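Chemist: Sequence lines, in order, name chains A and B. Offset between the first sequence (1-based) and the numbering used here: plus 55. Offset between the second sequence (1-based) and the numbering used here: plus 55. In this text, a Cβ means the ideal position worked out from N, Cα and C, and glycines have one as well. Note that this is a predicted model, so its numbers are computed, not measured.
Number of protein chains: 2
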Amino acid sequence: MALRVGVIGGGQLARMMIAPAVELGIDIRVLAEDDGMSAQLAATAVGDYRDLDTVRRFAADVDVVTFDHEHVPQEILRALVADGIPVHPGPDALRFAQDKLDMRARLTELDVPQPDWARVTGTAELQAFLDAHDGRGVVKTPRGGYDGKGVRVVSTADEAADWFAGLAEGGALLVEELVPFVRELAQQVARRPGGELAAYPVVETVQRDGVCAEVIAPAPGVDAEHLEEAARIGRAIAEGLGVTGMLAVELFQTADGRVLVNELAMRPHNSGHWSQDGAVTGQFEQHLRAVADLPLGGTTPIAPWSVMINILGGPADAGMVDRIPAALAASPLAKVHTYGKSPRPGRKVGHVNVAGADLEQTLATARGAAAAFA
Amino acid sequence: MALRVGVIGGGQLARMMIAPAVELGIDIRVLAEDDGMSAQLAATAVGDYRDLDTVRRFAADVDVVTFDHEHVPQEILRALVADGIPVHPGPDALRFAQDKLDMRARLTELDVPQPDWARVTGTAELQAFLDAHDGRGVVKTPRGGYDGKGVRVVSTADEAADWFAGLAEGGALLVEELVPFVRELAQQVARRPGGELAAYPVVETVQRDGVCAEVIAPAPGVDAEHLEEAARIGRAIAEGLGVTGMLAVELFQTADGRVLVNELAMRPHNSGHWSQDGAVTGQFEQHLRAVADLPLGGTTPIAPWSVMINILGGPADAGMVDRIPAALAASPLAKVHTYGKSPRPGRKVGHVNVAGADLEQTLATARGAAAAFA
Chain A
56 MALRVGVIGG
66 GQLARMMIAP
76 AVELGIDIRV
86 LAEDDGMSAQ
96 LAATAVGDYR
106 DLDTVRRFAA
116 DVDVVTFDHE
126 HVPQEILRAL
136 VADGIPVHPG
146 PDALRFAQDK
156 LDMRARLTEL
166 DVPQPDWARV
176 TGTAELQAFL
186 DAHDGRGVVK
196 TPRGGYDGKG
206 VRVVSTADEA
216 ADWFAGLAEG
226 GALLVEELVP
236 FVRELAQQVA
246 RRPGGELAAY
256 PVVETVQRDG
266 VCAEVIAPAP
276 GVDAEHLEEA
286 ARIGRAIAEG
296 LGVTGMLAVE
306 LFQTADGRVL
316 VNELAMRPHN
326 SGHWSQDGAV
336 TGQFEQHLRA
346 VADLPLGGTT
356 PIAPWSVMIN
366 ILGGPADAGM
376 VDRIPAALAA
386 SPLAKVHTYG
396 KSPRPGRKVG
406 HVNVAGADLE
416 QTLATARGAA
426 AAFA
Chain B
56 MALRVGVIGG
66 GQLARMMIAP
76 AVELGIDIRV
86 LAEDDGMSAQ
96 LAATAVGDYR
106 DLDTVRRFAA
116 DVDVVTFDHE
126 HVPQEILRAL
136 VADGIPVHPG
146 PDALRFAQDK
156 LDMRARLTEL
166 DVPQPDWARV
176 TGTAELQAFL
186 DAHDGRGVVK
196 TPRGGYDGKG
206 VRVVSTADEA
216 ADWFAGLAEG
226 GALLVEELVP
236 FVRELAQQVA
246 RRPGGELAAY
256 PVVETVQRDG
266 VCAEVIAPAP
276 GVDAEHLEEA
286 ARIGRAIAEG
296 LGVTGMLAVE
306 LFQTADGRVL
316 VNELAMRPHN
326 SGHWSQDGAV
336 TGQFEQHLRA
346 VADLPLGGTT
356 PIAPWSVMIN
366 ILGGPADAGM
376 VDRIPAALAA
386 SPLAKVHTYG
396 KSPRPGRKVG
406 HVNVAGADLE
416 QTLATARGAA
426 AAFA
């Protein structure tokens, strides 16, 4: 009988697991938040992932549970584990993706290079940190942020006063030094429960308005030393945090050549989408292999360069589906991936991958195809 | 709204359309012969494709109809067309894939190189053909043959007496010269309704017991002239027969360097599976793009060599799923594709693709992974 992998969450990451699951013969089952989600085709249940009974009922019919997102509460994850259901990544790892303060503290223990940071419970503590860091800092809510939400660059502590006021008893914010980075990188690593690891080449990510816009794989101009340093950081985090499945490590590269950990994601991540068409094993297949405890696949790029460009929704009444012909016509090399979402301005509704031998040409091809959606 | 492509037939070819359909945002709907078929995940109807009402009901909810196989009767295809439903490939093209006598006659009109052949209604006509061709020939039932079934090599007409006896009134068999080929090739071509064409590089196919066992892409040692000749034949047939979607042309290469058409298939074909992991656009995506009248994708290989090896079922009690870990462990380069079929001896239940820079090594890697299923 086919191995049954249950995915909690019906978004585009679950959707993009469907293709490799079908090919590998994995019976993929999705607990979707609602009808008509991105992963609708594989949805076998609809319900609230914060409801223990709902999740338990879903998990009873699968061999392993994994995720489209990191929002499933710890108590539910731990109940599944207590029920004897393999959960990958498990709660002990996921807490570091769920809480940025926990993550910073653990990375400090692991001696992984990261920005200066502090746990701050009020404006006085925050101001002290800012004063010690050229008067600026990045304040983050420890939980629930994504795509630039829950993140604020401040130059006085008062600018975070509303967040402090909203904290629960005993709560705190995270403040990090504002790293003068020259660019952002991302490192993908896959890890099986038994410890087998596979690292992808580090990539460059270009953010616009806090959202990933373009990815170039591998990161241009990265020398062998930095390639190895990024992979070493990725492996150290995957092992140190006990991650199973895909891990994405977002990194800052500084002018003096250091790489510092920005954020973590324990799942396939936007910065790894290029691998679907640019590597021997795409990150969605790799995630399935890792969480199902199957031997990992090769991570070698199939071409010297791969470029991923996100497609963001435009005016709500314009369907991206209508624009696919123009995008495909723009280049026979364009690989278009859709998320089955109704486009809203700024919402990620798909992406385009292009692999090629020449970086400038590959970038131009990808941008040309993506422009058909603009 | 997403484009709805209806696939008649729930076998592995329909199954392998699911992955690219999901990514491209095509709403794929399958009319399966039964519950639990290979393409189960996309099955929206179960029924007999020879029943007009069943097919009509299925087709009413899709934007275009295509196929997992060529067995849908002409009268049903023509009824759909009369209903105004786009059918690709259409009945006028499909008849040449359904009837080998019609195919031979049409290729003769198109002046496409093919073996000597004749329509024979009895043993006397067959014997006359054999006498004119060194006393041997290949007798074929015009309809219903596949994977070596409905094909018989004979050296006397009596060896086909049972087939003649079984013919309907006015029926006939096809006899072809036994071509002294040095190897078999296959040419894949995609064609859109408007005429846009895309040809893949010609491949070498290795048959065992009448079943495709291995494919090497491109065919080793084929010079530019033969590459072009094979592509020319493919294009001539796609255009001459009005094929829409994928066309596979199985070819004999003779000792004197000629290429002769053996068989045709108007759908993704076993000889094109390598393209899933070895070309910019896999044949299943290309078929969907062609039948949905979307711009065709690039057909360039992503590596110098690709090898496809079929996985045949062993003893009925041994599940191929249990052997996937061993196959994946054999090489991180092995791409395993499963058909969701219970293994029966000799039944195609999956295949392995490997792409690489060195042919011998790529062959060895693919064979090593496939051996895990033996």
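1) Near Leu222/B, what residues of its chain come up, given a Cβ to Cβ distance below 8 Å and the 5 sequence neighbours on each side ignored?
2) In angstroms with no decimal places, state the Cα-to-Cα distance between His328/B and Gly337/B.
3) Going straight from the alpha carbon of Glu224/A to that of Pro146/A, what length do you get?
4) Would you kindly check if the distance between the Cβ of Leu240/A and the Cβ of Arg290/A is under 8 Å?
5) Using the beta-carbon of each residue, which ones in chain B are nearer than 7 Å to His392/A?
6) Could you check whether the region 421-429 of chain B touches the region 394-411 of chain B, counting it as contact only if at least three pairs of C-beta atoms, one from each stretch, sit closer than 8 Å?
7) Near Val198/B, what residues of its chain come up, given a Cβ to Cβ distance below 7 Å and the 5 sequence neighbours on each side ignored?
8) Check whether the Cβ atoms of Tyr104/A and Leu86/A sit closer than 8 Å, and answer yes or no.
9) Check whether the Cβ atoms of Pro235/A and Thr309/A lie closer than 8 Å to each other.
10) Got a sec? Which residues, its chain only, sit under 7 Å from Arg70/B by beta carbon, not counting five neighbours each side?
11) Pick from Leu351/A, Gln341/A, Ala425/A: whose alpha carbon is nearest that of Ile364/A?
12) Compare the C-alpha of Val208/B against each of Leu233/B, Trp218/B, His188/B and name the closest.
13) At which residues does the alpha helix (DSSP H) containing Ile131/B begin and terminate?
14) How many Å lie between Ala220/B and Ala429/B at the Cα?
15) Indicate whether the contact test is met: 3 or more Cβ pairs, each with one atom in the region 270-277 of chain A and one in the region 337-352 of chain A, closer than 8 Å.
16) Quick one: does Arg70/A have its CB under 8 Å from some CB of chain B?
17) Would you list the residues sitting across from Gly192/A in a DSSP beta bridge?
18) Round the Cβ separation of Glu259/B and Ile271/B to the nearest angstrom and send it over; I've been treating them as touching at under 8 Å.
19) For the alpha helix (DSSP H) holding Ser361/A, just list the boundary residues, first then last.
20) Which one or two residues does DSSP pair with Gly300/A in a beta bridge?
21) Checking 8 Å against the spacing of the C-beta atoms, do Val298/B and Phe307/B come in under that value?
22) The alpha helix (DSSP H) that contains Leu107/B, what's its start and end?
23) Using 10 angstroms around the beta-carbon of Met321/A, count the other beta-carbons present and answer buried if the total reaches 16, otherwise exposed.
24) Note down, in chain order, every chain B residue with its Cβ under 8 Å from the Cβ of Ala74/A.
25) Mind listing which residues of the region 124-151 of chain A have their C-beta closer than 9 Å to chain B's C-betas, in chain order?
26) What residue does the alpha helix (DSSP H) around Ala423/B start on, and which one ends it?
27) What is the DSSP secondary structure of Lys155/A, counted as helix, strand or coil?
28) Looking only at its chain, what residues have a beta carbon closer than 8 Å to the beta carbon of Ala382/B, apart from the 5 residues adjacent to it on each side?
29) Spatial neighbours of Gln169/A within its chain, please: C-beta separation below 6 Å, excluding the five flanking residues on both sides.
30) Quick one: list the residues of chain B neighbouring Val335/A, beta-carbon separation under 9 Å, in chain order.
31) Against Met56/B, what residues of chain A qualify as contacts under a CB-to-CB distance less than 9 Å, listed in chain order?
32) For Ile366/A, would you say it is in contact with chain B, using Cβ-to-Cβ distances shorter than 8 Å as the test?
33) Measure from the C-beta of Ile357/B to each C-beta in chain A and report whether the shortest distance is under 8 Å.
34) Going by C-alpha distance, which of Gln416/B, Pro144/B, Pro75/B is nearest Arg247/B?
35) Check whether the Cβ of Gly395/A lies closer than 8 Å to any Cβ atom in chain B.
Modeler: By the coordinates alone:
1) Leaving aside the five residues that flank Leu222/B on each side, the residues in its chain whose CB is nearer than 8 Å to its CB run, in chain order, Thr176, Leu228.
2) Gly337/B has its alpha-carbon roughly 8 Å from the corresponding atom of His328/B.
3) Rounded to whole angstroms, the gap between the alpha carbons of Glu224/A and Pro146/A is 24 Å.
4) It is not a contact, given that the beta carbons lie outside the stated cut-off.
5) Residues of chain B with a Cβ closer than 7 Å to the Cβ of His392/A are, in chain order, Glu78.
6) With three or more CB-CB distances shorter than 8 Å, the region 421-429 of chain B counts as touching the region 394-411 of chain B.
7) Inspection of the sequence shows that residue 198/B is occupied by Arg rather than by Val. Closer than 7 Å at Cβ, skipping near neighbours: Gln153, Asp154.
8) Going by C-beta atoms, Tyr104/A is nearer than 8 Å to Leu86/A.
9) Closer than 8 Å, so yes.
10) The residues are Ser93, Ala94, Tyr394, Gly395.
11) Nearest C-alpha to Ile364/A: Ala425/A.
12) Measuring from the Cα of Val208/B, the nearest candidate turns out to be Leu233/B.
13) Note, Ile131/B: alpha helix (DSSP H), 129-137.
14) Rounded to the nearest angstrom, the gap between the Cα atoms of Ala220/B and Ala429/B is 40 Å.
15) Three or more Cβ pairs closer than 8 Å define a contact, and the region 270-277 of chain A falls short of that threshold against the region 337-352 of chain A.
16) Under the 8 Å criterion on CB atoms, Arg70/A is classed as interfacial with respect to chain B.
17) Answer is Val209/A.
18) That belief holds up - the Cβ atoms of Glu259/B and Ile271/B are roughly 5 Å apart, short of 8 Å.
19) Taken as a continuous stretch (DSSP letters only), Ser361/A belongs to no alpha helix (DSSP H), being part of the beta strand (DSSP E) at 360-367.
20) Arg246/A.
21) For the pair Val298/B and Phe307/B, the CB atoms are not nearer than the 8 Å cut-off.
22) Run containing Leu107/B: 107-114, per the alpha helix (DSSP H) assignment.
23) With 16 or more other CB atoms across the displayed protein chains lying within 10 angstroms of its CB, Met321/A is buried.
24) Contact of Ala74/A with chain B by beta-carbon distance below 8 Å involves Ile73, Ala74, Pro75, Val77, Glu78.
25) Along the region 124-151 of chain A, there is no position whose C-beta sits under 9 Å from a C-beta of chain B.
26) The sequence given here has Gly at residue 423/B, not Ala. Start and end: 414-426.
27) Lys155/A: helix per DSSP, three-state reduction.
28) Ala389, Val391, Val407, Ala424, Ala425, Ala427, Phe428, listed in sequence order.
29) So the qualifying residues of the chain are Leu162, Leu315, Val316.
30) Neighbours of Val335/A on chain B, chain order: Asp332, Pro387, Leu388, Lys390, Ala410.
31) In chain order, Gly374, Val376 make up the part of chain A whose C-beta sits under 9 Å from the C-beta of Met56/B.
32) Interface annotation, Ile366/A: not in contact with chain B, CB-CB separation never under 8 Å.
33) At a cut-off of 8 Å, the C-beta of Ile357/B has a neighbouring C-beta in chain A.
34) When each option's Cα is compared against that of Arg247/B, the closest is Pro144/B.
35) True, the Cβ-Cβ gap to chain B drops below 8 Å.
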